[in-house]
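Engineer: Sharing a structure with you now.
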Amino acid sequence: MTIILSMKTLPLAEVKAKLSSLLSEVEREHDEITVTRNGVPSAVVISADEWESLQETLAVLSDQDALADLKEARETTAEGELYDTDDVLAEFEQQRSHGS
Numbered sequence: 001m002t003i004i005l006s007m008k009t010l011p012l013a014e015v016k017a018k019l020s021s022l023l024s025e026v027e028r029e030h031d032e033i034t035v036t037r038n039g040v041p042s043a044v045v046i047s048a049d050e051w052e053s054l055q056e057t058l059a060v061l062s063d064q065d066a067l068a069d070l071k072e073a074r075e076t077t078a079e080g081e082l083y084d085t086d087d088v089l090a091e092f093e094q095q096r097s098h099g100s
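To convert, note that position 79 of the sequence shown is 79 in the UniProt record's numbering; the numbers rise steadily by one, no gaps.
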């Protein structure tokens with residue numbers, strides 16, 4: 001997930017005048033731009049990558065099974081129940097060879 005480094009608020013007229021450079025900045029710097037119309041926030045411009053990340057986060061948060069898995073993972077980590085990558089891969093290979 002990308003962390004938003006800065007957030008700007010700009011009036012619509014300025015966004016129209018600088019759209020191309022603002023889009024480049026949003027992509028490059030992971031900025032977020034709030035667009036105002038008559039001084040009132042009207043829209044937010046974020047990069048396509050950030051939008052995709054937000055959609056994935058919403059999907060996970062709306063999936064009760066995924067949330068339960070995340071909760072269990074946090075609890076086992078807090079209890080010190082961690083697994084070495086090599087051990088996990090060895091277990092996977094063992095299960096795969098027995099399943100063949």
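Don't be surprised by glycine CBs; every beta carbon is placed ideally from N, CA and C.
Please go through the same chain and pick out, in chain order, the residues whose beta-carbon is closer than 6 Å to the beta-carbon of Arg-28, but skip the five residues on each side of it.
Structural biologist: For Arg-28, where only same-chain residues beyond five positions count, there are no Cβ hits under 6 Å.
Engineer: Can you round the beta-carbon distance between Thr-9 and Thr-36 to whole angstroms, since I take them to be within the 8 Å contact cut?
Structural biologist: Rounded, the Cβ-Cβ distance is 6 Å, consistent with contact.
Engineer: In angstroms with no decimal places, state the Cα-to-Cα distance between Ile-46 and Ile-33.
Structural biologist: In a straight line, the C-alpha of Ile-46 is about 7 Å away from that of Ile-33.
Engineer: Mind the definition here: the segment 60-68 touches the segment 14-28 only if three or more C-beta pairs lie below 8 Å; say whether that holds.
Structural biologist: In short, these stretches do not touch, since the Cβ pair count stays below three.
Engineer: Just curious, the alpha helix (DSSP H) that Glu-14 is in, first and last residue?
Structural biologist: From DSSP, the alpha helix (DSSP H) with Glu-14 extends over 12-17.
Engineer: Can you tell me the Cβ-Cβ gap for Leu-12 and Ser-42, rounded? I've got them flagged as a contact below 8 Å.
Structural biologist: Indeed they touch by this definition, with Cβ atoms about 7 Å apart.
Engineer: So what's Ser-47 in DSSP terms, helix, strand or just coil?
Structural biologist: Ser-47 falls in the coil class under three-state DSSP.
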